[in-house]
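*Asks:*
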Amino acid sequence: MTVNSNDCAVEVRDLVKVFRTRFRRREVRAVDGVSFQVEPGTTFGLLGPNGAGKTTTVKMILSVVHPTAGGASVFGHDSREIAGRLPIGYLPENHRFPTYFTGAGMLDLYGGLSGMDSRERRRRIPELLDLVGLAGWGDVRLGKYSKGMLQRVGLAQALLHQPKLLVLDEPTDGVDPVGRVHIRGILQRLEEQGVTIFINSHMLMEVEMFCRDVVIIHHGKVALRGKVKDLTGSKGFKLSAQAVPDRLRDDLQARAASVAARNGSLDFLFPTIEEANAAVDLLRGEKCLIEGLAPSTSTLEEVFVSTVNG
Amino acid sequence: MASRLLIQTGALLLDTFREAMARKIFWGLFGLSTALILFFLLIMRIDVVEGATATVTLLGFERTRETDVTRLVRGAHSSIATFLYSVGMFLAVFASAGLIPGLLEPGRIELLLSKPVGRMHLLLSRYLGNILVVAANTTYLVVGVWVVFGWKTEIWSPQFLWAIATTVFLFSVLLSVVVLVGVVFESAALATMIPVALMIVSPILAQEKTAIRLLSSEWSRQVWKWLYYCLPKAFDIGRLTLDLVRQNPTGDLFPVWSSALFAVIVLGLALVLFARRDF
Chain A
1 MTVNSNDCAV
11 EVRDLVKVFR
21 TRFRRREVRA
31 VDGVSFQVEP
41 GTTFGLLGPN
51 GAGKTTTVKM
61 ILSVVHPTAG
71 GASVFGHDSR
81 EIAGRLPIGY
91 LPENHRFPTY
101 FTGAGMLDLY
111 GGLSGMDSRE
121 RRRRIPELLD
131 LVGLAGWGDV
141 RLGKYSKGML
151 QRVGLAQALL
161 HQPKLLVLDE
171 PTDGVDPVGR
181 VHIRGILQRL
191 EEQGVTIFIN
201 SHMLMEVEMF
211 CRDVVIIHHG
221 KVALRGKVKD
231 LTGSKGFKLS
241 AQAVPDRLRD
251 DLQARAASVA
261 ARNGSLDFLF
271 PTIEEANAAV
281 DLLRGEKCLI
291 EGLAPSTSTL
301 EEVFVSTVNG
Chain B
1001 MASRLLIQTG
1011 ALLLDTFREA
1021 MARKIFWGLF
1031 GLSTALILFF
1041 LLIMRIDVVE
1051 GATATVTLLG
1061 FERTRETDVT
1071 RLVRGAHSSI
1081 ATFLYSVGMF
1091 LAVFASAGLI
1101 PGLLEPGRIE
1111 LLLSKPVGRM
1121 HLLLSRYLGN
1131 ILVVAANTTY
1141 LVVGVWVVFG
1151 WKTEIWSPQF
1161 LWAIATTVFL
1171 FSVLLSVVVL
1181 VGVVFESAAL
1191 ATMIPVALMI
1201 VSPILAQEKT
1211 AIRLLSSEWS
1221 RQVWKWLYYC
1231 LPKAFDIGRL
1241 TLDLVRQNPT
1251 GDLFPVWSSA
1261 LFAVIVLGLA
1271 LVLFARRDF
């Protein structure tokens, strides 16, 4: 995940944020020397338990929070500069769009703030409403939108000015399963178009399905980083069988990494495919019923939990 | 770059207008102004103007009666200017106090700051948008009343229009305090109370010469002077407004420029604090 800093979509260098309480001046070190890089065109997930410092890190990338030390850049521009925020589309968690706006009115405001002229906004707004499945809702006040619809119109807002970097904080929060699939489809198309997607989420299954690279933050520090496929790589081969005699079970248990009983079946986990095949031969020799043999991988959730729990 | 700044400023001003309309601030002030215009339209037709004109026509004392009507119009203009300057100002401050804390609400400010807009640009546009909302209503009321009086009496006293400038000026001074309090405390209640308190103490502090004569200790005289010179001079600017409307000679402009300096310093402080804050 190390690339030339000029080629990075996002580069975070030794980022530190210390919050001080107003009166007692007590220090809280929310982010403590975080560094990572996000390659352009990739899908990146920032993970961590509650209070780990994820949102503060994202806010420092967006210049909503000022770093105590270190810095962040977006496509080579310091994130504190206006140029650093030009290529960003952002959907915050718990966003609060003013309810006096209609969907189209809200998009018009944020399009204007992104520097889009009125002709471009008039062209893009119906396109975006259609893209997020809200065609026909543009003239309805946001106060009448459901949570899922607000999330979708929020995504439209983030995409309006065709950003090169999309920063999404819990993008499918409050969205029903059909809506989630729809949003994932939109994000997949954007990824194909070369847009860098940066997701800050608790939904590990979604991150696992969608992101290529992840960083796990814990206690304000980077606890783990890597490619999802490497982190969740093969941990062995699972062999399931029925009617295994006790003697053979003891023999296989000595060879296997683990054994688990399930509804009259036994699941053996073998470190290599050769050991799994040898076990198949022994089981067939005893006329046991083989239910299945498949590679077994760790889930991102398992990786996350083992990282966070040390 | 310049066009982007213009587009962004336009969007922020429009947002302030939309929010003022949604919070019923704009329509409340507009409704009150319309009620006042209609009130004067009704009073003049029935009681004052037609009666005065009849008297002029019947008794033939044209010159005297014209002077009476002119005095009546100037008196009415002065009353409206005073009303606008006191009650109208209080309503404007009260109505505007929520616009800055509203901007800083979690979930809204993060999104605004993530856009390629400078923080100073964001806050200054909000400040300007707020002034424009009040200026639009003040202009509507003053010009409306001016037209009603001018149409009915054929006395067009353009000096009355000075009330727009002085009222909007004082509002912009008080709004700087609203902005600072809003940025520091994010409280609409405090953002109302402090400017109103400044308006209330202004006529007291303006009795500077009397107070200095009456106060026994040098220390208290210095505190009084310091407060008078540093704080906005709403009362003195109000007196200046009346002098302008009545076509009386005006005194020096110290209350105006010292109040403007106060606004610049307070607004500057608000901008610096806003630029340094984390959200």
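Residue numbers (the working numbering), protein chains in the order written: chain A, 1 to 310; chain B, 1001 to 1279.
The beta carbon of each residue, even a glycine, is placed where N, CA and C say it ideally should be.
1) Give me, in chain order, the residues of the same chain whose beta-carbon lies closer than 7 Å to that of L1175 (chain B); leave out the 5 immediate sequence neighbours on both sides.
2) With which residues is Y1228 (chain B) paired in a DSSP beta bridge?
3) DSSP beta-bridge partners for N200 (chain A)?
4) Tell me, to the nearest whole angstrom, how far the beta carbon of F270 (chain A) is from that of A260 (chain A); I am working on the premise that it is less than 8 Å.
5) Could you tell me which chain A residues have their CB closer than 8 Å to the CB of L1113 (chain B), listed as they occur along the chain?
6) Run through chain B and tell me which residues come within less than 9 Å of L190 (chain A), C-beta to C-beta.
7) Going along the chain, which residues of its own chain have a beta-carbon closer than 6 Å to the beta-carbon of F1262 (chain B), five neighbours each way excluded?
8) Using the three-state DSSP reduction, which class does A1011 (chain B) fall into: helix, strand or coil?
9) Counting only runs that start and end within the stretch 178-258 of chain A, where is the alpha helix (DSSP H) found for 4 or more residues in a row?
10) Put P295 (chain A) into one of helix, strand or coil per three-state DSSP.
11) For V1117 (chain B), which residues in chain A fall below 7 Å Cβ to Cβ?
12) Give the residues of chain B in contact with K59 (chain A), contact being defined as C-beta atoms less than 8 Å apart.
13) Quick check on the burial criterion: 16 or more other C-beta atoms within 10 angstroms. Buried or exposed for V244 (chain A)?
14) Go through its chain and collect everything with a Cβ distance to K1225 (chain B)'s Cβ below 8 Å, but skip five positions before and after it.
15) Apart from the five residues on each side of it in sequence, which residues of its chain come closer than 7 Å, Cβ to Cβ, to W1156 (chain B)?
16) Taking DSSP as the reference, what is the three-state secondary structure of L91 (chain A)?
17) Comparing alpha-carbon positions, which option in B:L1214, B:V1266, B:I1204, B:S1220 lies nearest D1236 (chain B)?
18) Does the beta-carbon distance from V1179 (chain B) to L1113 (chain B) come in below 8 Å?
19) Does DSSP put K17 (chain A) in a helix, a strand or coil?
20) Does the CB of R22 (chain A) have a neighbour CB from chain B at under 8 Å?
21) Kindly give me the distance between the Cβ atoms of L91 (chain A) and G48 (chain A), rounded to whole angstroms, as I take these residues to be in contact under 8 Å.
22) R85 (chain A) touches chain D at which residues, Cβ-Cβ below 9 Å?
23) Is the Cβ of P1095 (chain B) closer than 8 Å to any Cβ of chain A?
24) In whole angstroms, what is the alpha-carbon distance linking K235 (chain A) and K54 (chain A)?
25) Name the chain A residues whose beta carbon is nearer than 7 Å to that of E1105 (chain B)?
26) Could you say which of A:G143, A:S258, A:V215 lies nearest to V12 (chain A) if we only look at CA atoms?
27) Which of the three DSSP states is assigned to F1235 (chain B) in this structure?
28) Give every residue of the same chain whose Cβ lies closer than 6 Å to the Cβ of F1160 (chain B), excluding the five residues on either side of it in the sequence, and list them in chain order.
29) Can you give me the start and stop residues for the beta strand (DSSP E) that G33 (chain A) sits inside?
30) Is there at least one Cβ from chain A nearer than 8 Å to E1218 (chain B)'s Cβ?
31) Take every Cβ of the stretch 103-111 of chain A, pair it with every Cβ of the stretch 138-145 of chain A, and state whether three or more of those distances are shorter than 8 Å.
32) Using the C-alpha atoms, what's the distance from N200 (chain A) back to L128 (chain A)?
33) Answer yes or no: do S63 (chain A) and R29 (chain A) have a C-beta to C-beta separation smaller than 8 Å?
34) Have a look at B:A1260, B:K1152, B:V1093 and flag the residue whose alpha-carbon is nearest the alpha-carbon of G1028 (chain B).
35) Cα separation between A1069 (chain B) and E1110 (chain B)?
36) Tell me whether D267 (chain A) sits in a helix, a strand or coil according to DSSP, three-state version.
*Replies:* Let me spell this out:
1) Walking along the second sequence from the start, residue 1175 (chain B) turns up at place 175. In the same chain as L1175 (chain B), and ignoring 5 residues on each side of it, the C-beta atoms closer than 7 Å to its own belong to S1096, Y1127, N1130, I1131, in chain order.
2) Start at 1 with the first residue of the second sequence, and residue 1228 (chain B) comes out as number 228. Y1228 (chain B) is not bridged to any residue.
3) Walking along the first sequence from the start, residue 200 (chain A) turns up at place 200. Paired residues: A:L46, A:D169.
4) One-based indexing of the first sequence puts residue 270 (chain A) at position 270. One-based indexing of the first sequence puts residue 260 (chain A) at position 260. F270 (chain A) to A260 (chain A), Cβ: 13 Å. No contact.
5) The sequence position of residue 1113 (chain B) within the second sequence is 113, counting from 1. L1113 (chain B) reaches chain A at L62, S63, V64, counting residues in chain order whose Cβ is nearer than 8 Å.
6) Within the first sequence, numbered from 1, the residue matching residue 190 (chain A) stands at position 190. Near L190 (chain A) there are no residues of chain B at all, since even the closest Cβ is about 18 Å away, more than 9 Å.
7) Taking the first residue of the second sequence as 1, we reach residue 1262 (chain B) at position 262. Non-local C-beta neighbours of F1262 (chain B) in its own chain, meaning closer than 6 Å and more than five positions away in sequence, comprise P1232, ordered along the chain.
8) As a working note, residue 1011 (chain B) is residue 11 in the second sequence. In this structure, A1011 (chain B) counts as helix in the three-state DSSP scheme.
9) Whole alpha helix (DSSP H) segments, 4+ residues: 204-210, 228-231, 246-255.
10) As a working mapping, residue 295 (chain A) is identified with position 295 in the first sequence. P295 (chain A) falls in the strand class under three-state DSSP.
11) By 1-based counting over the second sequence, the position of residue 1117 (chain B) is 117. Residues of chain A passing the Cβ test: L113.
12) Start at 1 with the first residue of the first sequence, and residue 59 (chain A) comes out as number 59. Within chain B, the residues near K59 (chain A) are E1110, D1278, F1279.
13) For the purposes of this step, residue 244 (chain A) is taken as residue 244 along the first sequence, with counting starting at 1. Around the beta carbon of V244 (chain A), a 10 Å sphere encloses 16 or more other beta carbons of the protein chains shown; the residue is thus reported as buried.
14) To locate residue 1225 (chain B), count along the second sequence from 1; it is residue 225. Answer for K1225 (chain B): E1208, I1212, listed in chain order.
15) The residue you call residue 1156 (chain B) lines up with position 156 of the second sequence. Around W1156 (chain B): G1150.
16) Here residue 91 (chain A) refers to the residue found at position 91 of the first sequence. In the structure shown, the three-state DSSP call for L91 (chain A) is strand.
17) By 1-based counting over the second sequence, the position of residue 1236 (chain B) is 236. Minimum Cα distance to D1236 (chain B) is reached at B:I1204.
18) Reading the second sequence from its first residue, position 179 is the one you call residue 1179 (chain B). Reading the second sequence from its first residue, position 113 is the one you call residue 1113 (chain B). No, the pair does not count as a contact, with Cβ atoms beyond the cut-off.
19) Numbered from its first residue, the first sequence carries residue 17 (chain A) at position 17. Three-state DSSP puts K17 (chain A) in a strand.
20) Residue numbering aside, residue 22 (chain A) sits at position 22 when the first sequence is read from its first letter. Not an interface residue.
21) Translated into positions along the first sequence, residue 91 (chain A) becomes position 91. Translated into positions along the first sequence, residue 48 (chain A) becomes position 48. Their Cβ separation, rounded to whole angstroms, is 19 Å, which puts L91 (chain A) and G48 (chain A) out of contact at 8 Å.
22) No chain D is present in this structure, whose protein chains are A and B.
23) Position 95 of the second sequence, counted from the first residue, corresponds to residue 1095 (chain B). In the sequence as displayed, the identity of residue 1095 (chain B) is Ala instead of Pro. Chain A, which has no Cβ nearer than 8 Å to the Cβ of A1095 (chain B), makes this no.
24) As a position in the first sequence, residue 235 (chain A) is number 235, starting the count at 1. As a position in the first sequence, residue 54 (chain A) is number 54, starting the count at 1. Computed Cα separation, rounded: 29 Å.
25) As a working mapping, residue 1105 (chain B) is identified with position 105 in the second sequence. By Cβ distance, chain A contributes R96.
26) Indexing the first sequence from 1 puts residue 12 (chain A) at position 12. Just measuring C-alpha positions, the residue of A:G143, A:S258, A:V215 sitting nearest V12 (chain A) is A:V215.
27) Position 235 of the second sequence, counting from 1, holds the residue named residue 1235 (chain B). The three-state secondary structure of F1235 (chain B), taken from DSSP, is helix.
28) Translated into positions along the second sequence, residue 1160 (chain B) becomes position 160. Counting only Cβ-Cβ distances below 6 Å, and skipping sequence neighbours, we find H1077, W1146, V1245.
29) Within the first sequence, residue 33 (chain A) is the residue found at index 33, counting from 1. That run of the beta strand (DSSP E) goes 27-38.
30) Position 218 of the second sequence, counted from the start, is the residue given in the question as residue 1218 (chain B). Not closer than 8 Å to any Cβ of chain A, the Cβ of E1218 (chain B) fails to qualify, so no.
31) Touching, per the Cβ criterion.
32) In the first sequence, the residue the question calls residue 128 (chain A) occupies position 128. In the first sequence, the residue the question calls residue 200 (chain A) occupies position 200. Distance from the CA atom of L128 (chain A) to the CA atom of N200 (chain A), rounded to whole angstroms, is 23 Å.
33) Taking the first sequence and counting its residues from 1, the one referred to as residue 63 (chain A) is at position 63. Taking the first sequence and counting its residues from 1, the one referred to as residue 29 (chain A) is at position 29. Not a contact, by the Cβ cut-off of 8 Å.
34) In the second sequence, counting from the first residue as 1, residue 1028 (chain B) sits at position 28. Taking only the C-alpha atoms, the option nearest G1028 (chain B) is B:V1093.
35) Along the second sequence, read from residue 1 onward, the residue named residue 1069 (chain B) stands at position 69. Along the second sequence, read from residue 1 onward, the residue named residue 1110 (chain B) stands at position 110. The residue asked about is misnamed: residue 1069 (chain B) is Val in this sequence, not Ala. One Cα belongs to V1069 (chain B), the other to E1110 (chain B), and the distance between them is close to 58 Å.
36) Indexing the first sequence from 1 puts residue 267 (chain A) at position 267. Strand, per DSSP.
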